[in-house]
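Since the structure comes first, as structure tokens, the remarks are kept for the end.
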Amino acid sequence: VLILLPAWGFIGFVIYFLMREPLPYPCPQCGNTVGARFNFCPNCKCNLHPSCPQCKREIAESDKFCPYCGNDLKSTIGATEIPAQGTA
């Protein structure tokens, strides 16, 4: 029994690290602490995990095309930008 006791402690330690909540991190825009699973910052509404507008899967900000559906991300981003006011 005493031989198996350290093994159970190690198994519990591994399960703890697999099941624990990911650590929070600062928002890149405002510095507010946000949960690791948040999609938007609750303070400034910064998009923490950009997603493809077509298939809604997570993408990197540097992607030109969605790696899942092939959607052209650069043309989509340019089409949805709000034009600056006062430029006539």
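Take any residue in the sequence shown, count from 1 to its spot, add 1332: that is its number in our numbering.
The beta carbon of each residue, even a glycine, is placed where N, CA and C say it ideally should be.
- Between Lys-1406 and Lys-1396 a beta carbon distance of about 5 Å is seen, short of the 8 Å cut, so the two are scored as contacting.
- If you draw a straight line from the Cα of Pro-1385 to the Cα of Gly-1402, it is about 11 Å long.
- The C-beta separation of Pro-1356 from Ala-1368 comes to about 6 Å, placing the pair in contact by the 8 Å criterion.
- A distance below 6 Å between beta-carbons, with the five flanking residues on each side excluded, links Asn-1375 to the following residues of its chain, in chain order: Cys-1362 and Asn-1364.
- Of all alpha-carbon atoms in Phe-1349, Cys-1398 and Pro-1358, the one lying nearest the alpha-carbon of Asn-1379 is that of Pro-1358.
- With a 10 Å radius around the Cβ and a threshold of 16 neighbouring Cβ atoms, Val-1346 comes out exposed.
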